[in-house]
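First comes the structure, then the notes that go with it.
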């Protein structure tokens, strides 16, 4: 009997590289018909020991069946040979990148072996993403259109991406990222919590300086009650610029750069935050929004991101890309009574479990691919 669905991705949890590494892992957890195929990129020796990982073999990684290649290279002959040999064992492949050589090899293998596949650009066709290495991508697009021409459907993870891809491809389906929320800490918040929090990669595209500048305009008494946590790692030069900015604004005593957090430390920060903030210049989805909400923590997102519906539902806040607009959102949250904040926290958690739980989205994937 054939296996059902193989998800092909450059990296996978426990690699801490963000994006698809976490979202694909969460999506396939505890679904016996779903398997991940990935390189070992980003998986440290400590993680190998912690999760007892084997390379060039199938692993159970926290409930996700995963085949891990020994190579960390996105393009390798051995990887292509494995795909060419093994794709016939699966009814469907889901390729989790548009420009990745790994996706290209998988699509070629599917075309040669007559296996159905889908392609998920995951934001790679947004204008902001296309502007990076734009000449190479422009040259590659005609070739990739031919390679992916036989895909059964194109997978969008947000309404914004769905609208964009519908102008380029036929048969586009909207399937958001899904999470297994069982590990997240949620209990009714009877009083407002401790921190205002950014959690994610330290990267210029995340617009973290906007958060710092808006936060600096809060009264000192408020900043004392609600310190700002910047949680994550990434661009060291940018991180230093952000630290210098806090000193220039005389708020360094209120801002905590924690570095990257994982496991229970991360879950605790998510749960004990007053609010999470995501105001990136560009974002295909923003998994951290789901993580905050699963912890009962509301979020502020900028209007260019695919989360404006949260404000429409009365469970989130939306701002422009300017300090005044973000500050207004912060003021609104801080002004909530403990009782009203508790109601909001419960609504946030209920909404995300209802709409983004991985079980319902696993069912949707199987239905779309049938």
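Numbering (the numbering used here), first residue to last: 6 to 375.
The beta carbon of each residue, even a glycine, is placed where N, CA and C say it ideally should be.
Being a predicted model, the structure only gives us computed values, none of them experimental.
Start-to-end residues for the beta strand (DSSP E) that takes in residue i
| i | result |
| --- | --- |
| residue 261 | 260 to 264 |
| residue 323 | 322 to 324 |
| residue 70 | 69 to 73 |
| residue 202 | 200 to 204 |
| residue 133 | Residue 133 -> not in any beta strand (DSSP E); alpha helix (DSSP H) instead, spanning 132 to 135. |
| residue 281 | 278 to 283 |
| residue 124 | 121 to 124 |
Per-residue burial, residue i [other beta carbons within 10 Å of its own, 16 or more giving buried]
| i | result |
| --- | --- |
| residue 126 | buried |
| residue 314 | exposed |
| residue 185 | buried |
| residue 223 | buried |
| residue 63 | exposed |
| residue 34 | buried |
| residue 144 | exposed |
| residue 6 | Any reading at residue 6 needs caution, since the residue's pLDDT is 47, under 50, leaving its predicted position unreliable; the model's value is listed next. Result: exposed. |
DSSP three-state assignment for residue i, whether helix, strand or coil
| i | result |
| --- | --- |
| residue 4 | Here the chain covers residues 6 to 375 and nothing more, so residue 4 does not appear. |
| residue 239 | strand |
| residue 341 | coil |
| residue 10 | strand |
| residue 161 | strand |
| residue 178 | strand |
| residue 207 | strand |
| residue 351 | helix |
| residue 356 | helix |
Limits of the unbroken alpha helix (DSSP H) element including residue i
| i | result |
| --- | --- |
| residue 152 | 139 to 152 |
| residue 292 | 292 to 299 |
| residue 319 | Unbroken run through residue 319: none, as it is neither H nor E. |
| residue 227 | 225 to 230 |
| residue 306 | Taken as a continuous stretch (DSSP letters only), residue 306 belongs to no alpha helix (DSSP H), being part of the beta strand (DSSP E) at 304 to 307. |
| residue 155 | No alpha helix (DSSP H) contains residue 155, which DSSP labels as neither H nor E. |
| residue 365 | 363 to 374 |
| residue 217 | 213 to 221 |
Worksheet entry | At least 3 beta-carbon pairs within less than 8 Å: the segment 280 to 287 vs the segment 296 to 307 | Here the segment 280 to 287 makes contact with the segment 296 to 307; the two share three or more CB pairs at distances below 8 Å.
Threshold first: 4 residues or longer. Then list the alpha helix (DSSP H) segments lying entirely within the segment 45 to 109, N to C. Counting whole runs of 4 or more residues, the segment 45 to 109 contains the alpha helix (DSSP H) stretches 50 to 56, 82 to 91.
- Task: Report yes or no: do the segment 175 to 193 and the segment 208 to 215 share at least 3 C-beta pairs separated by less than 8 Å?
- Result: Contact check between the segment 175 to 193 and the segment 208 to 215: fewer than three CB pairs, one atom from each, fall below 8 Å, which does not count as touching.
Do the segment 17 to 30 and the segment 107 to 124 make contact, defined as three or more Cβ pairs closer than 8 Å? In short, these stretches do not touch, since the Cβ pair count stays below three.
Practice task
Mind the definition here: the segment 242 to 253 touches the segment 315 to 329 only if three or more C-beta pairs lie below 8 Å; say whether that holds.
Solution key: A contact between stretches requires three or more CB pairs, one per stretch, nearer than 8 Å, and the segment 242 to 253 fails this requirement with the segment 315 to 329.
Do the segment 66 to 73 and the segment 37 to 44 meet, that is, are 3 or more Cβ pairs less than 8 Å apart?
Yes, the segment 66 to 73 is in contact with the segment 37 to 44.
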